[in-house]
Amino acid sequence: MVIVALCSAAVVKLVQPAIDLIFVEHDREMLLLIPLVMLAIYAIKGVAEYFQNYLIKYIGQKILTNLQMRMYEHLLSADFLFIQSQSSGRLISRFTNDIMLMRGAVSNMLVGCAKHFLSVFFLILIMFSLDPFLSAFIFLAFPAAIYPIQKLGRRMRKVTSEAQQELGNFTAMLDETFDSIKVIKSFCSEKIEVTKAQKITDTILELYKKTSKLDSLTSPIMEILTGFAITCVLWYGGSEVIEGRMTTGALMAFITAFVSAYRPFKSLVALNVNLQEGLAAANRVFNILDSAPSVADAADAVSPEFAKAGIEFKDIEMNYGNRVGIKSLDLKIKPGQTYAFVGKSGSGKTTLANLLVRFFDPTKGQILIGGHDIKQVSLQHLRNNISMVSQDTILFDASVAENISYGNKKASREDIINAAKAADAHEFIISLPNGYDTAVGTAGSSLSGGQKQRLSIARAFLKDAPILLLDEITSALDPNSEQSIINSLERLRKDKTTLIITHRLGGITNAHQIVVMKQGKIIEQGKHKELLAKGQEYYKLYNKELKDTTKAV
33 MVIVALCSAA VVKLVQPAID LIFVEHDREM LLLIPLVMLA IYAIKGVAEY FQNYLIKYIG
93 QKILTNLQMR MYEHLLSADF LFIQSQSSGR LISRFTNDIM LMRGAVSNML VGCAKHFLSV
153 FFLILIMFSL DPFLSAFIFL AFPAAIYPIQ KLGRRMRKVT SEAQQELGNF TAMLDETFDS
213 IKVIKSFCSE KIEVTKAQKI TDTILELYKK TSKLDSLTSP IMEILTGFAI TCVLWYGGSE
273 VIEGRMTTGA LMAFITAFVS AYRPFKSLVA LNVNLQEGLA AANRVFNILD SAPSVADAAD
333 AVSPEFAKAG IEFKDIEMNY GNRVGIKSLD LKIKPGQTYA FVGKSGSGKT TLANLLVRFF
393 DPTKGQILIG GHDIKQVSLQ HLRNNISMVS QDTILFDASV AENISYGNKK ASREDIINAA
453 KAADAHEFII SLPNGYDTAV GTAGSSLSGG QKQRLSIARA FLKDAPILLL DEITSALDPN
513 SEQSIINSLE RLRKDKTTLI ITHRLGGITN AHQIVVMKQG KIIEQGKHKE LLAKGQEYYK
573 LYNKELKDTT KAV
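The structure is reproduced here in structure tokens:
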């Protein structure tokens, strides 16, 4: 970087002897020597620029790649509620649009600081060595450009931030469109969605028009100042040459140095505007990185044995802002038993499951497993000892085998097949084009709902954790698939402490305890027959389901 700047300055420095000795004094020896020196300088400069450009681009890319990975790692450790509150499209925009803007700003800053600044510095030294008075006079005029350019930069930062926000909205809309394409087509809403997209893109276009205007305004400011400076150089320098106080070569060297310094100096001035764009993007990125997760390992986290551990919820309260999710809940779950949680939507059943795996912590109270407060247990150890199967079956764009063994790198093919057989999934898997090596597509798009649920259960069989959470896993299945999966779950629940969250009461009649919840509280608890005999909330829910089933038949 220094070599490139020195070479640029050396070429300018050779202008004076080239003109004075070759063109004025007609020195034949210099006619041979100076061009050869020029050639050598340009050769060195060319090689140095190659390494300089390579290093600048690599370092810039390395910085931002590391930043992307920091963001990704941070998001994976972020609070569950934080992730839920964010639009996936807007988060993706941080990784793409914002990082791209930062990449441009970082690259330009590295080039500006490493290349342009050094070039300007050495060229200014040459100018001062040729004529200190004229150099000082010219460069005193340039601070006049600082105020308007700084003002432009602040405005650019604000407009860029607004543009990035709208780009995030557009990415979020795209994400929503892909997820909702069946609904859009079935309701013939294509034109409505296009109109919504057009409004966002029109806003983005208007904001980018503003940024283009602001970016372009730096040029006339610099050109006017440069014109003023050149006028002064020609008038003063010409006078000095006429009076014999400066040689023609010295004046030409001064003008060459000034013109050579102008382009990198202009680039340095323009960096302020580019920097503001990058800062606007960086502000959005660091808003994520600066959000510290509230659920984290304690400093003295332990990893106790959970094989035959009971679970206790002690005076649990959970609030979502002003809304109460769970209120003053106490419950003891015996090891190896099955507890079913029932109640209407919003009664707090799923919240209880999310608290157990520490997706978030309760506002008040303690959750104990085997007598250990789960806040004092290592998060990895806690979650390794809990298998969770939910109605939202999550499959990755990978093979069947990779989905079953997700999170279990030590699983052999035999282990995977045994887990699939236990989940009644083996038969349909071997009928797939590539068997266990068949790619399931994004979110398991190539499989039916029942098939996806069986793979999810196979994953739980393979994990073989002592605590099992089943969250509404049969709610969206047809009766045939439901019965097959219930049979698989009977095998999966053996010798495990199991919590079942469900609206369908037919599959929980043999649970050791049924817990009825309403508005975040436990209002009933007991066995199936005991609760029916009471004739209260469970009785109403059960009879309503029977009537609904009869009507459907």
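First residue of the sequence shown: 33, per my numbering; consecutive thereafter.
Beta carbons are placed, not taken as given, at the ideal position from N, Cα and C, and that holds for glycine.
Source: prediction; values computed, not measured.
Residue j beta carbon less than 8 Å from that of residue i
i: I348; j: P394; result: yes
i: D496; j: G368; result: no
i: L537; j: L573; result: yes
i: L414; j: R390; result: yes
i: L311; j: R189; result: yes
i: I399; j: F460; result: no
i: S335; j: S410; result: yes
i: L502; j: L388; result: no
i: F338; j: G402; result: yes
i: T534; j: E569; result: no
i: V36; j: T288; result: no
i: R187; j: L96; result: no
Spatial neighbours of residue i in its chain, beta-carbon cut-off 8 Å, leaving aside the 5 residues before and after
i: A293; result: S151, V152, L155, I156, M159
i: K547; result: Correcting the residue identity first, residue 547 is Val in this sequence and not Lys. Closer than 8 Å at Cβ, skipping near neighbours: L363, Y371, A372, F373, V374, I554, E556, Q557.
i: E434; result: F428
i: V317; result: L99, M103, R126, D130, I131, M134
i: I236; result: A195, E198, L199, F202
Helix, strand or coil at residue i according to DSSP, with G and I counted as helix
i: K340; result: coil
i: M278; result: coil
i: N351; result: strand
i: G538; result: helix
i: I554; result: strand
i: H404; result: strand
i: F373; result: strand
i: S422; result: strand
i: Q116; result: helix
i: I35; result: helix
i: V389; result: coil
i: Q100; result: helix
i: K45; result: helix
i: V301; result: helix
i: V585; result: Note that V585 scores 47 on pLDDT, short of 50, meaning its location in the model is unreliable and no value can be drawn from it.
i: L573; result: helix
i: V327; result: coil
i: Q196; result: helix
Exposure label - residue i; buried when at least 16 CB within 10 Å
i: V56; result: exposed
i: N353; result: Note that residue 353 is Gly in the sequence shown here, rather than Asn. Result: exposed.
i: L71; result: exposed
i: P498; result: buried
i: R491; result: buried
i: G476; result: buried
i: T484; result: Note on residue identity: the sequence assigns Lys, not Thr, to residue 484. Buried, by the Cβ-count rule.
i: I462; result: exposed
i: Q116; result: exposed
i: K381; result: buried
i: F286; result: buried
i: H458; result: buried
i: I406; result: buried
i: E309; result: buried
i: L108; result: exposed
6 Å Cβ shell around residue i - same chain, five flanking residues per side excluded
i: K242; result: V191
i: V585; result: Caution is warranted here: a pLDDT of 47 is assigned to V585, below 50, making its placement in the model unreliable, and the coordinate value is therefore given only provisionally. Cβ within range, chain order: n/a, list empty.
i: Y571; result: L564
i: K366; result: G342
i: G281; result: Q48, I51, D52
i: S5; result: This structure cannot settle anything about residue 5, because the visible part of the chain is limited to 33 through 585.
i: A314; result: M134
i: N351; result: T395
i: S167; result: M159, F160
i: G200; result: R122, S125
Opposing strand residues paired with residue i [DSSP bridges]
i: I358; result: M350
i: G364; result: Residue identity check: residue 364 is Lys in the sequence provided, not Gly. In the DSSP output, where bridge partners are listed per residue, K364 has E344.
i: M62; result: Answer is none; M62 lacks a bridge partner.
i: K396; result: E349
i: S431; result: A471
i: D503; result: S422, I533
i: V4; result: Outside the modelled stretch of the chain, which goes from 33 to 585, sits residue 4, for which no answer is possible.
i: M134; result: According to DSSP, which records beta bridges pairwise, M134 is partnered with nothing at all.
i: M549; result: I554
Same chain, Cβ closer than 7 Å to residue i, five either side skipped, listed in chain order
i: F493; result: A451, A454, A455, L524
i: H148; result: P296, S299, L300
i: G92; result: R135, V138, S139, L142
i: A333; result: Q408, V409, S410
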